[in-house]
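Here the sequence shown is numbered in the working numbering, starting from 772 and rising by one per residue. Every residue, glycine too, gets a C-beta built ideally from N, C-alpha and C. The next block holds one structure in the form of structure tokens; read it before the comments.
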Amino acid sequence: MEKYRILKELGDGTCGNVYKALNMETYEIVAVKKMKRKFYFWEECINLREVKSLRKLNHPNIIKLKEIVMENNELFFIFEYMECNLYQSMKERQRPFSEEEIRGFMLQVLQGLAHMHKNGYFHRDLKPENLLVTNDIIKIADLGLARELSSMPPFTDYVSTRWYRAPEILLQSSSYTPAIDMWAVGAILAELFTLCPIFPGESETDQLYKICGILGPPDWTIFPEVRSASRLVDISNLNVSPVNLSDVIPNASLEAIDLIKQLCSWDPLRRPTAEQCLQHPFFHVGKWILKPLEDPLQLKLSNGGPKPNLELNLWDFWRQKDDYFLGLTLAINPSPPSLAVKYKFATVSCLCCDAHLPVTQSVAKTAFTCLPKSHFANKITVWLMLILDLIIIGAILPCLSLISYAYTTILP
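Have a look at this one:
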């Protein structure tokens, strides 16, 4: 450990202490976890559950174990350093996260979880304290029972864990699956919108009552293997109705509400997997914005910008000048330039409103008795007029030639 200089203590728990440290060889800031338990054999170290899982799980959204150091029967884990955990980030905020920020965080968490589950592991203690954040990057970590030095009751390790604990664990089910992680994801997702836990139980029994207060009572047949049958009977017979989750989380979109409902399902089998969550509409929300092309009809799907005003325009030319298209088209509030200026066409006057219109000189005025002032919807209109003009000219000139020839031939 000579190459590491301890800078400050970050956390203290029953299993170990966590420090911010500097690698004196590379000048990299790292997190050092010093285990309180003594170790006498290297095999003991590498067979630890945390070591085995972190060595196997290599993913950008799972905290990286950089090195293991055993010195004087003391064990040190060297992790990449992250600025804070998600709980700290929420506690320090003055206003809720935007949905775009929440989407970015949860996308990364689910990608890390999907990798973890795919490789045969599940976290079992997912909570905001175990999600480490630097800027907009978030990574899953499991630092044992280490807690923040500044944390105060009721934010103890046990209570904070309980708030994200799946009901099958609270009911002491004899077996559970990675679905317990998905329940925790749902609880964390809801908390990111409100900055308050959605199920803040004061005991395991109260935790179940808090869940019932939001979701309503469960069907007792969902949990055939629970050891705490009395708790299950009590909550199954509660006379409460599920609440509208949009009333509890008013700033969440319908897509977010739907995802939270699916994740926080009493039935573990009905909760989506991490992979399935990544395909949920919450992560595929886009808004239509105008694409800056020549033709204003062309649209682009993007993550930002207002949705255009889409409406069917049936030759309605008496609307605002920036709000129409010719013919049966999709109006999207374009602002076409003055074609008379841009293309330097000659202008003719509208017979009904005296507006000057950008056309070639030979087009008849009667074609423009009902157009709006000074603007066309798009260049297609102008080109159609030019083509029509050429057709008319092309048809008239031969006729004039024939008449002239006949006149000069027949008449003396």
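Straight-line spacing of the CA atoms in Ile909 and Tyr935 works out to 18 Å. For Ala958, the three-state secondary structure derived from DSSP is helix. Per DSSP, the beta-bridge partners of Asn856 are Leu903. In the three-state DSSP reduction, Tyr775 falls in the strand class (E or B). In the DSSP secondary-structure assignment, Leu846 is bridged to Met841. Going by C-alpha positions, Pro1039 is about 42 Å away from Glu799.
Residue nearest to Lys898 within the set Thr797, Val840, Cys967 is Cys967 (criterion: CA-CA distance). The beta carbon of Gly883 is closer than 6 Å to those of His830, Asn832, Ile833, Ile911 in its chain, skipping five residues each way along the sequence. A direct Cα-to-Cα measurement between Glu780 and Asn843 gives close to 21 Å. Taking the Cβ atoms as the reference, Pro989 lies roughly 6 Å from Ser1007, within the contact range of under 8 Å. DSSP places Ala802 in the strand class (E or B) of the three-state scheme. Within the model, the alpha-carbon separation for Gly972 versus Glu996 is close to 23 Å. In this structure, Leu881 sits away from Leu1016, with a CB-CB distance that is not shorter than 8 Å. Measuring C-alpha to C-alpha distances from Phe812 to each of His1051, Leu846, Ser944, Glu838 identifies Leu846 as the nearest. Under the three-state reduction of DSSP output, Tyr980 falls in the helix class. For Ala885, there is no enclosing beta strand (DSSP E); the enclosing alpha helix (DSSP H) covers residues 870 to 889. Following the DSSP letters along the chain, one finds Ile908 inside the beta strand (DSSP E) bounded by residues 908 to 911. Nearest to Ile1031 by alpha-carbon distance, out of Ile969, Arg1002, Asp977, Val1056, is Ile969.
Taking a contact to require three or more Cβ pairs closer than 8 Å, the region 852 to 867 and the region 900 to 907 qualify as touching. Following the DSSP letters along the chain, one finds Val789 inside the beta strand (DSSP E) bounded by residues 787 to 794. As the crow flies, the alpha-carbon of Ile777 is around 16 Å from that of Met841.
Around the CB of Pro1052, fewer than 16 other CB atoms lie within 10 Å, so the residue is classed as exposed. DSSP places Ser1017 in the helix class (H, G or I) of the three-state scheme. For Lys809, no alpha helix (DSSP H) run applies, since DSSP gives it neither H nor E.
Cβ neighbours of Leu941 within its own chain (closer than 7 Å, five residues either side excluded): Glu975, Gln978, Leu979.
A Cβ-Cβ distance of about 12 Å is found for the pair Val1019 and Ile982, leaving them out of contact under the 8 Å criterion. At a Cβ-Cβ threshold of 8 Å, Ala1045 and His888 count as neighbours.
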